[in-house]
Amino acid sequence: MASTIARRGFLGLASAAAVIGASGGLEAAWGSSDPLSAAISAPDYSPALVIGSGFGASVSALRLGQAGVRVTMLERGQRWQTSPWTEVFSPNFPPDQRASWMSGLPPLPFLQPPLPELPVQRYAGVLDSSFLAGGNPVLRGACVGGGSVVYFAALTVPQRQYFTQLYPSGVDYDSLVNVYMGRVRNMLGASELPADLYNSAPFTHSRIWDQQARAAGYQPTPLHSAFSWDVCRAELTGKARPSATIGEATYGNSNGVKLDLTQNYLPAAEATGNVTVYPLHQVTAIGRDSDGRYAVSVEVLDQYGTVTRQRTLYAGALFLGAGSIGSSSLLVRARDTGALPHLNDSVGQGWGTNGNMVTASLFNGGTGNTQATPLASGFYDETTGVPTAFVSGFIPTPLETTAIETITVAFDAEHRGAFSYDRSQDAVSLSYAAGNDDEMVATVQKVQQRVDAASASGLLRPVPLGVFGDYTAHPCGGACLGQATDLFGRVAGYDRLYVNDGALLPGNAGLAGPSLTIAALAERNMERIAAEDF
911 MASTIARRGF
921 LGLASAAAVI
931 GASGGLEAAW
941 GSSDPLSAAI
951 SAPDYSPALV
961 IGSGFGASVS
971 ALRLGQAGVR
981 VTMLERGQRW
991 QTSPWTEVFS
1001 PNFPPDQRAS
1011 WMSGLPPLPF
1021 LQPPLPELPV
1031 QRYAGVLDSS
1041 FLAGGNPVLR
1051 GACVGGGSVV
1061 YFAALTVPQR
1071 QYFTQLYPSG
1081 VDYDSLVNVY
1091 MGRVRNMLGA
1101 SELPADLYNS
1111 APFTHSRIWD
1121 QQARAAGYQP
1131 TPLHSAFSWD
1141 VCRAELTGKA
1151 RPSATIGEAT
1161 YGNSNGVKLD
1171 LTQNYLPAAE
1181 ATGNVTVYPL
1191 HQVTAIGRDS
1201 DGRYAVSVEV
1211 LDQYGTVTRQ
1221 RTLYAGALFL
1231 GAGSIGSSSL
1241 LVRARDTGAL
1251 PHLNDSVGQG
1261 WGTNGNMVTA
1271 SLFNGGTGNT
1281 QATPLASGFY
1291 DETTGVPTAF
1301 VSGFIPTPLE
1311 TTAIETITVA
1321 FDAEHRGAFS
1331 YDRSQDAVSL
1341 SYAAGNDDEM
1351 VATVQKVQQR
1361 VDAASASGLL
1371 RPVPLGVFGD
1381 YTAHPCGGAC
1391 LGQATDLFGR
1401 VAGYDRLYVN
1411 DGALLPGNAG
1421 LAGPSLTIAA
1431 LAERNMERIA
1441 AEDF
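Numbering (the numbering used here), first residue to last: 911 to 1444.
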């Protein structure tokens, strides 16, 4: 679509100019990852094994550990150690190999044709851009902490009317929101952006966006975000290396300002003494042996993707927390190869993008090219077309100007993709029809134009760059709750096999980002599973 190419052209050209001349040989100075941890041998047998270390996986591991269950946790990516002053993660410009998971290319789709893509070294970076759905990228975390390391840390609540259209009636909305989402927010330390930061220079774009939205007839409301506001303040006073206040987030926040899972759920799980995390352990297949144990095929990797060892690990209980793409792919492969033949036909179905899109507006001066990452506010539009939620952020560019990024999620109960296994290629693919998002794209464009048209004149008048709709950072579904599983993530057809991640969501969170819903469902599920199954 023309608007996508226009935006790609602008950002791609800017990125290309920044990348040219980038030097290699940086990793000795990073001091960020923990490559030797891959050499630590995971036990051959575990009472419980968790695949992944994102939201659902981390909740699962913590609650199992607290219940006294010994847990082996396998994560394909590295464990990154944050530091107040060291540049641990990749910068935005130029992105280097720390940004990209094993692709040899930058992970974000800003360097697409017609511009050439500039390579980076193949490396175990933090962000995986997998071209699965109709040739379009699906973005997901690839590190200890999973998507929490690379998301924008805004925790939004699904709207009741849309949630109840999507989820099984046995999932009580009120308890999910009031009990389990409250529990997650407390664990993550999430809160609204304080007034002193909102009124500071790095959040000028947030104030301008709110003014524009109000002028267009919308009412922005504050968001809960999982950032340390004290570290943000330390950045502003020179007591910590700037990160969140200069637009970093997508490749991680080196100084720990983002309160990702490595600062709460995961250390709490490890502190039980029952949970051990094994980075650089990539699961390739799951099955069951003649004794009823779950068999997990694992490749132990080095930082560059070389398989240093292949193992089969066994578990009495298996928890899939590898995300919508990872967990769904493992289940579809297991069913269609006969490794787990009793999985039902709902496995692999119901995948969606969560209506996730981005628009951008380029501001003509006034704030420079560095603004803050944390999302201050959002609003809903339910009258233009598809019900859509809008939140504003900041797109870092190497230009001396600011681009406001508007991240959207739309309610979609209809358009879904499906996973399938190709025996001839021994590969799982994801189909998602072209045009599924056209109505959502049209809605987002109209709302963006309405907001831009209501903007005040002057230095901060936005120039629309169009909508960027052909990717998702919010993959949902593939093992939907109440279909492929029971109402608590127990997989149909097998005992002690569980899904507890974004694969449970029915293709859409219900007019919200998925992270809070994934974690809250995991808390709800584990409360029942720990009490009844262990």
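Ideal placement from N, C-alpha and C gives every residue a C-beta, glycine not left out. Values in this document were obtained by computation on a predicted structure and should not be read as measured data.
CB of residue i within 8 Å of CB of residue j, strictly
i     : j     : result
L1421 : P1251 : no
G1055 : L1037 : no
Y1521 : Q991  : The shown model of the chain, from 911 to 1444, leaves out residue 1521, and the question about it has no answer.
R1203 : A1225 : yes
T982  : Y1188 : yes
N1410 : D1322 : no
P1284 : A1063 : yes
Y1083 : E1433 : no
V979  : A952  : no
A1249 : A1337 : no
G1392 : A1413 : no
H1134 : E1158 : no
A1179 : A971  : yes
V1208 : L984  : yes
F1113 : A1286 : yes
G1057 : F965  : yes
I1235 : S1040 : yes
A1123 : V1361 : yes
I1314 : H1115 : yes
P1078 : G1260 : no
DSSP-derived helix/strand/coil call for residue i
i     : result
L1391 : coil
V1354 : helix
G1233 : helix
A1225 : strand
V1087 : helix
S1153 : coil
M983  : strand
V1206 : strand
Y1408 : strand
M1267 : strand
R1400 : strand
G1368 : Reliability of the predicted coordinates at G1368 is poor, the pLDDT of 44 falling under 50, and no value is obtained from them.
A958  : strand
G1014 : coil
T1216 : coil
S1164 : coil
A1430 : helix
G1057 : helix
Q988  : strand
Whole-angstrom C-beta distance between residue j and residue i, which should lie under 8 Å
i     : j     : result
S1164 : R1151 : 7 Å
H1191 : R1438 : Contact flag wrong, Cβ pair sits at about 28 Å.
T1293 : H1384 : Contact flag wrong, Cβ pair sits at about 23 Å.
P1029 : G1014 : 5 Å
G1162 : V998  : 7 Å
T1218 : G1295 : Contact doesn't hold; Cβ gap of about 51 Å is too wide.
G1403 : L1253 : 5 Å
L1230 : Y955  : With 8 Å as the limit, L1230 and Y955 do not qualify as a contact, their Cβ atoms being about 18 Å apart.
A1299 : V1094 : Contact flag wrong, Cβ pair sits at about 19 Å.
R1406 : L1228 : 7 Å
Nearest residue (CA-CA) to residue i, options the options
i     : options                    : result
R1453 : L1107, A1313, S1330, T1186 : Because the chain spans 911 through 1444 in this model, residue 1453 falls outside it and cannot be assessed.
S963  : V1141, N1174, A1125        : N1174
N1435 : G1417, T1395, A1419        : T1395
V1081 : F1398, A1429, L1426        : F1398
S1238 : R1219, L1223, G1258        : G1258
E1145 : A1136, S1135, I1156        : I1156
P1017 : V1409, A1313, L1049, T1074 : L1049
E1442 : L974, V960, F999           : L974
E1324 : V1193, N1346, T1382, T1194 : N1346
A1126 : A1389, L1407, A1402, V1357 : V1357
I1118 : A1009, G1423, S1425, S1302 : S1302
A1154 : G1148, D1170, T1147, F1137 : F1137
M1097 : S1334, A1270, V969         : V969
Y1381 : G1099, T1318, D1106, D954  : T1318
Q1129 : L1240, F1289, Y1061        : F1289
L1340 : Q1355, N1088, R1326        : R1326
L1524 : T1172, T996, F1304, T1247  : Any question about residue 1524 goes unanswered here, given that the chain covers just 911 to 1444.
N1266 : A967, R989, P1047          : P1047
T1316 : T1172, Q1355, L1176, S1200 : Q1355
Cβ-heavy atom distance, residue i to the ligand PLP, below 7 Å
i     : result
A1432 : Of the ligands one can find in the structure shown there are none, so the ligand PLP has no counterpart to examine.
Practice item. Mind listing, in chain order, the continuous beta strand (DSSP E) runs of no fewer than 3 residues lying wholly within the region 1030-1054? Key: Listed in chain order, the complete beta strand (DSSP E) runs (minimum 3 residues) inside the region 1030-1054 are 1037-1043, 1046-1051.
Review point. Enumerated in chain order, which unbroken segments of the alpha helix (DSSP H) with a length of 4 residues or greater are wholly contained in the region 1283-1339?
Key: Counting whole runs of 4 or more residues, the region 1283-1339 contains no alpha helix (DSSP H) stretch at all.
Check your understanding: Where in the region 1125-1151 do unbroken runs of the alpha helix (DSSP H), each at least 4 residues long, occur, reported from the N-terminal end onward?
Key -> Listed in chain order, the complete alpha helix (DSSP H) runs (minimum 4 residues) inside the region 1125-1151 are 1139-1146.
Check your understanding: Fully enclosed by the region 1174-1202, which beta strand (DSSP E) runs are 3 residues long or longer?
Key -> Positions of the beta strand (DSSP E) runs, each at least 3 residues long and wholly inside the region 1174-1202, are given as 1185-1188, 1191-1198 in order along the chain.
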